[in-house]
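Student: For reference, the structure I am asking about is given below.
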Amino acid sequence: MLSHLHIRNFAIVDQLNLDFNSGLSVLTGETGTGKSILIDALGLVLGDRADSDMVRHGSTRAEICATFELGDAAQAATWLQTHELDDEHNHGECQLRRTITREGRSKAYINGRPTTLQMLRELGEQLVDIHGQHEHQSLVKRDEQRRLLDHFADHKALVSEVAATFRQWQKLSREFSTLNEAARSRDQQMALLRHQTEELQALNLTTSGLQKLEDEHKRLANAEQLINTYQEALTTLDADDHAIAPKLHHITVQLQPLVESDQQLATVVEMINDATIQISEATDELRRQLDSLELDPQRLNEVDQQLSDIHDAARRHRVRPDELPDHYQSLCDELASLDNADATIEQLEKAIEIITAQYQKLATQLRSRRRAAARKLNQRVSDNMQQLGMPGGEFEVSITPHEGDKFTVHGTEKIEFRVKTNPNQSAKLLGKIASGGELSRISLAIQEITSQQGGTPTLIFDEVDVGIGGRVAEIVGQKLRDLGRSHQVLCVTHLPQVAAQGHHHLEVKKDLSDQHVETQVRALNKDERNEEIARMLGGIDITAQTRAHAHEMINKAQQRP
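Everything in the sequence shown is counted per our numbering, starting at 1074 for the first residue and increasing by one.
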């Protein structure tokens, strides 16, 4: 609910701070005092279009700030969390702020964070509903009309089931459409994939196989140089008496007799023996590798061609040579998927057939329940309209199938609220009602019946008492007070019968001082309220009888909850 409103430099308001309570709060004041300024200010902070003329004369910027308690606005709290705009320090509260400059520039904030006007509107629609000729009136929107009818019918589970079934139907239909579209070019794509996989299969590639091929190419390309080098090494190591191995043997033979006379030589002899053994092993390995080497120009050409084919294929497929095996597998998988497309399409067709039948059955049930609920709602709202000063007025929930029974997440029909305000008129869409007063009273007639189903926590009625008086005005006030039991209700009124029904009373006054005009608003205590109701009853001269009448009206109203 709205808990606080701060207005600065707006229209003829210098600075205003107002605290609000639950229940019905009435705003009264003499004609021309600016009672609707509060509604206009709230409209701006909820996302209405801004105008530089709204900035107070002599000021450069207007500011409106509204604070809401979220205890009765779970949907708004969820919206804030989803958009990461909730107050980290106080999750139970939300603050909307709007500034307008003399040049017409506007800025919007949610919980101190800059935001777009669209987001301000989205959140505002979940916090406040302004009834009258105002763009924040949610009841003229089809989505809200459908929501109210469904809540009145009390079939939330069925509505959810229809929505879930529709989303499943939609998902399968999209998959089917995608596969069907792909099928048109599938034959051409499959031919290309077969050519590509056969080409890569012929290369007989694995990641390790490519490495072995590259190693073999290096050996074959350098075979002649390797043979010459190996032969030179073998000659140096063990070819004749001048080679290393014979010389080491000769040294060992010379030193061995001296070991008995000089024990320190034993270590030296042992080290030379070890070296001789290692050289012998190295010589044997060189001979083995030399024997395995051969000059094979033909094999070199074969390996060279294989590597060339591999690199050419990698360039064509735009991958690295070592990625070709994985790429080949990916192409095989894609080809297999296309091969199985016909079977997949058949399966999808069967699944869509089943889900379509399920959706149609549920949608038919939903339409039947909506029509039954609509008949009850039509009668009850029409009865309320008669009581609210619209004799012969009728309310009608129009339920018409979408063209071709088109499937939607909300069912297969369009729901619209239509009314006629007198017997000689045809029913019109609720949003096409010309009179703001009639629209407000029709909204009140609907809200009173559907209020127990939740909805927007704060309701504001502007012009609800235009063109009525006496008994009808008292009934309007009583219904507003009753509505205040489940919602926070604010009502701008000029009728004492309506004002007397308020749980709280705010007076709007225009102050003339220092050549400036300023609107002020204040909460009235018990005595002040009695005086204000008396003024509304008696005009300029307020008599004791008028005050007594005002006192009686207030006391009578207070006897209602």
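From the three backbone atoms N, C-alpha and C, an ideal C-beta is built for every residue, glycine too. Here the structure is a predicted model, which is why all the values come from computation and not from measurement.
What are the start and end residues of the beta strand (DSSP E) that includes Glu1358?
Tutor: Taking the sequence shown and counting its residues from 1, the one referred to as residue 1358 is at position 285. Segment Leu1338 to Ser1365 is the alpha helix (DSSP H) holding Glu1358; no beta strand (DSSP E) there.
Student: Given a threshold of 16 other Cβ atoms within 10 Å of its Cβ, counted over all protein chains shown, does Asp1202 qualify as buried or as exposed?
Tutor: Counting from 1 along the sequence shown, the entry for residue 1202 is found at position 129. With 16 or more other Cβ atoms within 10 Å, it is buried.
Student: According to DSSP, is Ile1615 part of a helix, a strand, or is it coil?
Tutor: Here residue 1615 is taken as the residue at index 542 of the sequence shown, counted from 1. Ile1615 falls in the coil class under three-state DSSP.
Student: Could you check whether the stretch 1214-1231 touches the stretch 1513-1523, counting it as contact only if at least three pairs of C-beta atoms, one from each stretch, sit closer than 8 Å?
Tutor: yes
Student: Pull up the CB-CB distance for Leu1143 and Glu1157, whole angstroms please, since I reckon it's below 8 Å.
Tutor: As a working mapping, residue 1143 is identified with position 70 in the sequence shown. As a working mapping, residue 1157 is identified with position 84 in the sequence shown. Leu1143 to Glu1157, Cβ: 16 Å. No contact.
Student: Given this structure, state the Cα-to-Cα distance separating Glu1248 from Gln1274, to the nearest angstrom.
Tutor: Position 175 of the sequence shown holds residue 1248. Position 201 of the sequence shown holds residue 1274. When rounded, the distance between both Cα atoms is 32 Å.
Student: If you draw a straight line from the C-alpha of Gly1542 to the C-alpha of Gln1570, how long is it?
Tutor: As a position in the sequence shown, residue 1542 is number 469, starting the count at 1. As a position in the sequence shown, residue 1570 is number 497, starting the count at 1. So the alpha carbons of these two residues sit roughly 8 Å apart.
Student: Since Ala1316 is in the alpha helix (DSSP H), which residue starts that stretch and which ends it?
Tutor: Position 243 of the sequence shown holds residue 1316. From DSSP, Ala1316 is part of no alpha helix (DSSP H); its letter is neither H nor E.
Student: Check whether the stretch 1173-1189 and the stretch 1497-1517 are in contact - that is, three or more C-beta pairs closer than 8 Å.
Tutor: no
Student: What is the C-beta distance between Leu1091 and Leu1078, in whole angstroms, given that I count them as a contact (C-beta under 8 Å)?
Tutor: Taking the first residue of the sequence shown as 1, we reach residue 1091 at position 18. Taking the first residue of the sequence shown as 1, we reach residue 1078 at position 5. Indeed, because the Cβ distance is near 5 Å, the residues count as touching under 8 Å.
Student: Nearest to Phe1468 by CA position, among Val1454, Asp1385 and Pro1394, is which residue?
Tutor: Residue 1468 sits at position 395 when you count from the first residue of the sequence shown. Among Val1454, Asp1385 and Pro1394, the Cα nearest to that of Phe1468 belongs to Val1454.
Student: Determine whether the beta carbon atoms of Thr1619 and Leu1610 lie at a separation below 7 Å.
Tutor: Residue mapping note: residue 1619 aligns to position 546 of the sequence shown, counting from 1. Residue mapping note: residue 1610 aligns to position 537 of the sequence shown, counting from 1. A contact, by the Cβ cut-off of 7 Å.
Student: Tell me the DSSP bridge mates of Leu1245?
Tutor: Counting from one through the sequence shown, the residue named residue 1245 turns up at place 172. As DSSP reads the structure, Leu1245 sits in no beta bridge.
Student: I'd like to check one pair, Thr1529 with Gln1561: are the Cβ atoms closer than 7 Å?
Tutor: By 1-based counting over the sequence shown, the position of residue 1561 is 488. By 1-based counting over the sequence shown, the position of residue 1529 is 456. Not a contact, by the Cβ cut-off of 7 Å.
Student: Taking its Cβ as the centre, do 16 or more other Cβ atoms sit within 10 Å of Ile1613, making it buried, or is it exposed?
Tutor: As a working note, residue 1613 is residue 540 in the sequence shown. Ile1613 is exposed by the Cβ-count criterion.
Student: Is the separation between the beta-carbon of Leu1070 and that of Leu1293 shorter than 7 Å?
Tutor: Nothing in the structure corresponds to residue 1070, since the chain is present only between 1074 and 1634.
Student: Does DSSP put Ala1181 in a helix, a strand or coil?
Tutor: Within the sequence shown, numbered from 1, the residue matching residue 1181 stands at position 108. Here Ala1181 sits in strand by DSSP.
Student: Could you pull out every residue in the same chain whose Cβ sits closer than 7 Å to the Cβ of Met1263, ignoring the five residues on either side in sequence?
Tutor: As a first step, residue 1263 must be located in the sequence shown, where it is residue number 190. So the qualifying residues of the chain are Leu1408 and Leu1411.
Student: Report buried or exposed for Val1235, applying the criterion of at least 16 other Cβ atoms within 10 angstroms of its Cβ.
Tutor: For the purposes of this step, residue 1235 is taken as residue 162 along the sequence shown, with counting starting at 1. In summary, Val1235 is buried, with 16 or more beta-carbon neighbours lying within 10 Å of its beta-carbon over all protein chains present.
Student: What are the boundary residues of the beta strand (DSSP E) that includes Pro1474?
Tutor: What you label residue 1474 is simply residue 401 of the sequence shown in a count that begins at 1. Residues Glu1467 to Pro1474.
Student: Using beta-carbon positions only, say whether Ala1573 and Ile1606 come within less than 7 Å of one another.
Tutor: The residue given as residue 1573 occupies position 500 in the sequence shown. The residue given as residue 1606 occupies position 533 in the sequence shown. Yes; because the gap between Cβ atoms is below 7 Å, this pair is in contact.
Student: Nearest CA to the CA of Cys1405: which residue from His1268, Thr1566, Ile1085 and Ser1559?
Tutor: Taking the sequence shown and counting its residues from 1, one reaches residue 1405 at position 332. Taking only the C-alpha atoms, the option nearest Cys1405 is His1268.
Student: Considering only C-alpha positions, which residue in the set Gln1551, Met1458, Arg1602 and Val1581 is nearest to Ala1621?
Tutor: In the sequence shown, the residue the question calls residue 1621 occupies position 548. Ranking the options by Cα distance to Ala1621, first place goes to Arg1602.
Student: Please check the pair Leu1212 and Leu1503, which I expect to be a contact at CB under 8 Å, by giving their CB distance rounded to whole angstroms.
Tutor: By one-based count along the sequence shown, residue 1212 stands at place 139. By one-based count along the sequence shown, residue 1503 stands at place 430. Right, the Cβ-Cβ distance comes to about 6 Å (below 8 Å), so this counts as a contact.
Student: State the DSSP-derived secondary structure class of Pro1187, mapped to helix, strand or coil.
Tutor: By one-based count along the sequence shown, residue 1187 stands at place 114. In this structure, Pro1187 counts as strand in the three-state DSSP scheme.
Student: Under the three-state reduction of DSSP, which class applies to Phe1534: helix, strand or coil?
Tutor: Taking the first residue of the sequence shown as position 1, residue 1534 is located at position 461. It is a strand residue.
Student: Check Ala1414 in the structure and name its three-state DSSP category.
Tutor: Counting from one through the sequence shown, the residue named residue 1414 turns up at place 341. Of the three classes helix, strand and coil, the one that applies to Ala1414 here is helix, per DSSP.
Student: Assuming Val1086 contacts Glu1591 (C-beta within less than 8 Å), just tell me the rounded distance between them.
Tutor: Along the sequence shown, read from residue 1 onward, the residue named residue 1086 stands at position 13. Along the sequence shown, read from residue 1 onward, the residue named residue 1591 stands at position 518. Contact holds; Cβ gap of about 7 Å.
Student: Determine whether the beta carbon atoms of His1204 and Ser1513 lie at a separation below 7 Å.
Tutor: As a first step, residue 1204 must be located in the sequence shown, where it is residue number 131. As a first step, residue 1513 must be located in the sequence shown, where it is residue number 440. In contact: His1204 and Ser1513 (Cβ atoms closer than 7 Å).
Student: Distance, Cα to Cα, Glu1511 vs Leu1252?
Tutor: The sequence position of residue 1511 within the sequence shown is 438, counting from 1. The sequence position of residue 1252 within the sequence shown is 179, counting from 1. Rounded to the nearest angstrom, the two C-alpha atoms are 54 Å apart.
Student: Using the Cα positions of Tyr1303 and Asp1288, report the straight-line distance between them to the nearest angstrom.
Tutor: Position 230 of the sequence shown, counted from the start, is the residue given in the question as residue 1303. Position 215 of the sequence shown, counted from the start, is the residue given in the question as residue 1288. Distance between the alpha carbons of Tyr1303 and Asp1288: 19 Å.
Student: Quick one: what does DSSP say Gln1498 is sitting in, helix, strand or coil?
Tutor: Locating residue 1498 in the sequence shown gives position 425, counting from the first residue. The answer is coil: DSSP assigns Gln1498 none of H, G, I, E or B.
Student: To the nearest angstrom, how far is it from the Cα of Ser1125 to the Cα of Ala1181?
Tutor: On the sequence shown, residue 1125 is found 52 positions in, with the first residue counted as 1. On the sequence shown, residue 1181 is found 108 positions in, with the first residue counted as 1. Cα to Cα, Ser1125 sits roughly 15 Å from Ala1181.
Student: For the beta strand (DSSP E) containing Gln1154, list its first residue and its last residue.
Tutor: For the purposes of this step, residue 1154 is taken as the residue at position 81 of the sequence shown. Taken as a continuous stretch (DSSP letters only), Gln1154 belongs to no beta strand (DSSP E), being part of the alpha helix (DSSP H) at Ala1147 to Thr1155.
Student: Which residues share a DSSP beta bridge with Lys1583?
Tutor: The sequence position of residue 1583 within the sequence shown is 510, counting from 1. Its beta-bridge partners are Thr1592.
Student: Just the Cα atoms here: how many angstroms apart are Leu1196 and Leu1153?
Tutor: In the sequence shown, counting from the first residue as 1, residue 1196 sits at position 123. In the sequence shown, counting from the first residue as 1, residue 1153 sits at position 80. Leu1196 and Leu1153: Cα-Cα distance of roughly 8 Å.
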